[in-house]
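Undergrad: From first to last, the protein sequence lines are chains A and B. Take any residue in the first sequence, count from 1 to its spot, add 1180: that is its number in the numbering used here. Take any residue in the second sequence, count from 1 to its spot, add 1180: that is its number in the numbering used here. C-beta atoms are modelled at their ideal positions from N, C-alpha and C, and glycine is treated no differently. Can you keep this structure in mind? I'll have questions shortly.
Number of protein chains: 2
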Amino acid sequence: MDRLIEAIENAQNPSVVGLDPTPALVPPQVVASFADEVRDSVEDPAEIPAAQLAVAYFEFNRTIIDAVADIVPAVKPQIAMYEAIGPAGVDVYTMTCEYAQQQGLYVLGDIKRGDIGSTAAAYAGHLSGVANADSGNEPFDPWHEDAVTVNPYLGTDGITPFTDAAAAADKDIFVLVRTSNPSSKELQELDLADGGKLYERVADLVEGWGSGSIGRHGYSRVGAVVGATHPEEGAALRERMPHTFFLVPGYGAQGGTAAGVAGMFDADGSGAIVNSSRGIIGAWKKTGEYRDDMSANEALALAASAARKAAQDMRDDLRVNVYR
Amino acid sequence: MDRLIEAIENAQNPSVVGLDPTPALVPPQVVASFADEVRDSVEDPAEIPAAQLAVAYFEFNRTIIDAVADIVPAVKPQIAMYEAIGPAGVDVYTMTCEYAQQQGLYVLGDIKRGDIGSTAAAYAGHLSGVANADSGNEPFDPWHEDAVTVNPYLGTDGITPFTDAAAAADKDIFVLVRTSNPSSKELQELDLADGGKLYERVADLVEGWGSGSIGRHGYSRVGAVVGATHPEEGAALRERMPHTFFLVPGYGAQGGTAAGVAGMFDADGSGAIVNSSRGIIGAWKKTGEYRDDMSANEALALAASAARKAAQDMRDDLRVNVYR
C-alpha cells in the first residue's frame, strides 16, 4: 500500500475519482461524434451502439483523467460499467487503466472478483499479468491495474492467490467489508452467535490476511472497502483494523460526507482514500452551463472544467475535515 | 429456469461441462500451432503469449463443445480463466459462449459478479444486452449467456437488477450459497445469533428473491450454487429451498460424488445440475494415450474423445444415482 499512500501524500489529497461512465454521464454529442468512425469499422450493425459508447467512454475518460491528474493521486474505474457494453467495453477499461497509469495515477480496478482457490488464481492474473516464456521478459500486463477489489464470501483460499500476486507485483487488494448500499445490512450486519457482526468477522479476517505484508507506512497490501454511509461503524473499524487501509466509497452522490468519513482516517490523516464517481465525472450536469447544441468538444471541455472544480472541492473538503 | 430444465430432460442428463481452459489443460502443441498466425497479427511482441493462448483456448473449447454437444444440455465457461489472459481472453469467452449457444447448448456464465444496486445494474447487461436505439432492433447481446452466477454479499439491491434483467430476457441467475472450497466454512458456516448458519440465511434470501419468477416446472429464475463437497448440507438445502434450482460444482476433481449429490435433486430427479470442469476437459491427460510428439490435430482429437467419454461416464453415473 506504500505506493498509494505516498501518492496521496504527494497530492495532499486522500481522494480517488471513480471512472464509471454510463450513457447518462457522457454528453450525448460526444457519443454521436463517433457515429461515422464506428459505422465504418464495425462489421455487424447491431454492434454499433455498444461500439460507439466504447469509444466515447474512452474519450470521456481521457478528458476526465487529464483534468484531474494533477489533483488526485488515483482513479477507480468500475469494470461493471464497461462490461455493460461487452468486450469492446472491457478493451476500453484496460485502455483507461493504461492511460491513467501513463499520467502517473495509481489505478484501483473496482472488479469485486472472488472465487474458489484455483479460480481466484486465474483472477489474480489482473495483478500478476501473463507469463512470458521468452527469457528475460517481464510478464505481460494486459490490465494495467495497481490494485483490485475482492469479495470475501469464499474465504481465505479465495483471497490467498490475490495476496500472493499483490506481493509479487508490488500491488494491493481491497476486500469488501462494509459496503455503502442500503441492502448491505441484510448480511453484513447479521449478529453472530459468538458475538459481533458478520462484517466485523470479515474485518478480522482482512486484518489477518494483511499481516504478512505491512509496509513502511504501517499498512498492509490488503485494504478494506468501508462505505462512507456508515460513519460510526467506519470509525470503529479504523480502531479494529490498525494495519488495514480503507477504500471509502459512497461520498457525495450516495450521501457520505467528509465529516462522516473523518473517523475512518488515522491520527496522522492517513489510512483511507475516499471515492467519488458521479459527483466528479457527472459534475457537468449540475453546472447549469450545459446546452444540447454544444459541440462534442465544447461538452468535453465543460465536463473537464466541472470535474476539475468538483475534484478540487472534494480535496479541500477532505483536507479541512481529515488533516486536522 | 424452464429452458434449462427442459434441456436437461431432453438430454436425460443433469450435468454441465465447465469450460475452464488453462495453459496446463490445453495440449501444448495446440498453443504452439498458432505461433505464426499470432506473430503476424499482434503488434506488441509482449502480447504474443496471451494472444496465442486466446486463440488456442477457442480452438480447444470448440473441440470440446463439438464432442459433448449431443450429450450435455449446458456448458459453464468460467470467465476468470479468460480474464487471466486479458481482454483477448474476454473476447474468446464471448466467442465460446456464442458458439455453444449456436450448438444448442444453454450457456451458464460463471462470472460471480456482485455490487451495489447501480453497479449491479451495469453487470446485469450480461443478461439484458445493450439497448439498440434503431427502431425495431433487439438489444445487442455481446455476452451470449443464458444465466450468470452472482455473489450475495451486497444484499438485495445488488440482486434485483439481475432478477429484473433475467425476467425480461428469459434468462436465469445462480447465487452463491454454499461454495465447494475448503475455506467456504470461514464465513458461510458461521452460526448466527438468532439461529442457523450464514449460508442458511443466504439460502432463505435466495428462495425469496426467486418467489416472483417460478416457472412451469416449479423452479424460479434465481438458482443457488451449492457445492458437491457438502452432501448433507446440500440435501437439507434441497428441503429448505423448494423453488430454487441448484448449480452443483465440485464433482470429480474436487471430490464430490454422484451419490453425494443425489440428495440435492428432488423426488422427480430434477432440481439440480452438476458441473465438472477438469474431469471433462482435462480427461485427455489421464488416458495414457497422449504423446508429446502428437500433432495439434491429433492432440485435439484425443481431447475430444476423452472429453466425450468422460461426459458420458458422468451422465451415466448421475443417471444411476439421481434418476431413481
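1. Does DSSP put residue 1350 (chain A) in a helix, in a strand, or in coil?
2. Counting only runs that start and end within the stretch 1289-1344 of chain B, where is the alpha helix (DSSP H) found for 4 or more residues in a row?
3. Going by other Cβ atoms of all chains shown within 10 Å of its Cβ, with 16 needed for buried, is residue 1341 (chain B) buried or exposed?
4. In its own chain, which residues sit with a C-beta less than 6 Å from the C-beta of residue 1400 (chain A), not counting the 5 before and 5 after it?
5. With a cut-off of 7 Å, does the C-beta of residue 1279 (chain A) fall near any C-beta of chain B?
6. Ignoring anything shorter than 4 residues, give me the alpha helix (DSSP H) runs that lie fully in the stretch 1184-1212 of chain B, in order along the chain.
7. Taking Cβ-Cβ distances below 9 Å as the criterion, which residues of the stretch 1295-1307 of chain A are in contact with chain B?
8. Along chain B, in chain order, which residues have C-beta atoms closer than 8 Å to that of residue 1250 (chain A)?
9. What whole-angstrom Cβ distance do residue 1491 (chain B) and residue 1251 (chain B) have, given they're in contact under 8 Å?
10. For the putative contact between residue 1199 (chain B) and residue 1249 (chain B), defined by C-beta atoms under 8 Å, what is the C-beta separation to the nearest angstrom?
11. Verify whether the separation of the beta carbon atoms of residue 1243 (chain B) and residue 1480 (chain B) is less than 7 Å.
12. DSSP three-state call for residue 1441 (chain A): helix, strand or coil?
13. Given residue 1235 (chain B), which residues of its chain have a CB within under 6 Å of its CB, disregarding the five upstream and five downstream residues?
14. Let me check understanding here. Comparing Cα to Cα, which of A:1380, A:1205, A:1191 and A:1373 lies closest to residue 1175 (chain A)?
15. Let's test the definition: count the other Cβ atoms within 10 Å of the Cβ of residue 1192 (chain B) and tell me whether it reaches 16, buried, or not, exposed.
16. Would you tell me roughly how many angstroms separate the C-alpha atoms of residue 1437 (chain A) and residue 1297 (chain A), rounded to the nearest one?
17. Tell me which residue opens and which closes the beta strand (DSSP E) that residue 1256 (chain B) is part of.
18. Report yes if the C-beta distance between residue 1409 (chain B) and residue 1376 (chain B) is below 7 Å; otherwise report no.
19. Using a Cβ-Cβ cutoff of less than 6 Å, which residues in the same chain neighbour residue 1325 (chain B) once the five nearest sequence positions on both sides are dropped?
20. Can you list, in chain order, the stretches of the beta strand (DSSP E) that have 3 or more residues and sit fully within the stretch 1414-1477 of chain B?
21. Mapping the DSSP letters down to three states, classify residue 1371 (chain A) as helix, strand or coil.
22. Would you identify the three-state DSSP class for residue 1356 (chain B), choosing helix, strand or coil?
23. So which residues of chain D does residue 1381 (chain A) contact, with C-beta pairs closer than 9 Å?
24. In this structure, what does DSSP give as the bridge partners for residue 1404 (chain B)?
25. Output needed in chain order: residues of the stretch 1198-1214 of chain B with a Cβ under 9 Å from some Cβ in chain A.
26. According to DSSP, simplified to helix, strand and coil, what is residue 1222 (chain B)?
27. Step through the CB atoms of chain A and report whether any lies within less than 7 Å of the CB of residue 1185 (chain B).
28. Using the beta-carbon count (16 or more within 10 Å), is residue 1327 (chain B) buried or exposed?
29. If we ignore side chains and look at the alpha-carbon of each, how far apart do residue 1472 (chain A) and residue 1354 (chain A) end up?
30. Which class does residue 1286 (chain B) belong to by DSSP, given the choice of helix, strand or coil?
31. Against chain A, with Cβ distances strictly below 7 Å, would residue 1310 (chain B) count as a contact?
32. Residue 1271 (chain A) CB to nearest chain B CB: under 7 Å?
33. Using a Cβ cut-off of 7 Å, pull out every chain B residue sitting near residue 1336 (chain A), in sequence order please.
34. Given this structure, state the Cα-to-Cα distance separating residue 1445 (chain A) from residue 1293 (chain A), to the nearest angstrom.
35. Residues of chain B with CB under 7 Å from residue 1323 (chain A), in chain order?
36. Enumerate in chain order the residues of its own chain whose CB-to-CB distance from residue 1265 (chain B) is below 7 Å, with the five nearest sequence positions on each side excluded.
TA: With the given structure in hand:
1. coil
2. 1297-1303 and 1305-1308
3. buried
4. 1390, 1393, 1394 and 1423
5. no
6. 1208-1212
7. 1295, 1296, 1297, 1298, 1299, 1300, 1301, 1302, 1303, 1304, 1305 and 1306
8. Residues of chain B passing the Cβ test: none, with the nearest at roughly 28 Å.
9. 5 Å
10. Actually they are not in contact, since the Cβ atoms of residue 1199 (chain B) and residue 1249 (chain B) sit about 12 Å apart, beyond 8 Å.
11. yes
12. helix
13. 1214
14. Because residue 1175 (chain A) is not part of the residues shown, which for chain A are 1181 to 1504, the question remains open.
15. exposed
16. 37 Å
17. 1254-1257
18. no
19. 1277, 1287, 1289 and 1306
20. 1426-1428 and 1452-1456
21. strand
22. strand
23. In the displayed structure, chain D is absent; the protein chains listed are A and B.
24. B:1355 and B:1426
25. 1200, 1202 and 1203
26. coil
27. no
28. buried
29. 40 Å
30. strand
31. yes
32. yes
33. 1363 and 1366
34. 26 Å
35. 1266
36. 1230, 1233 and 1234
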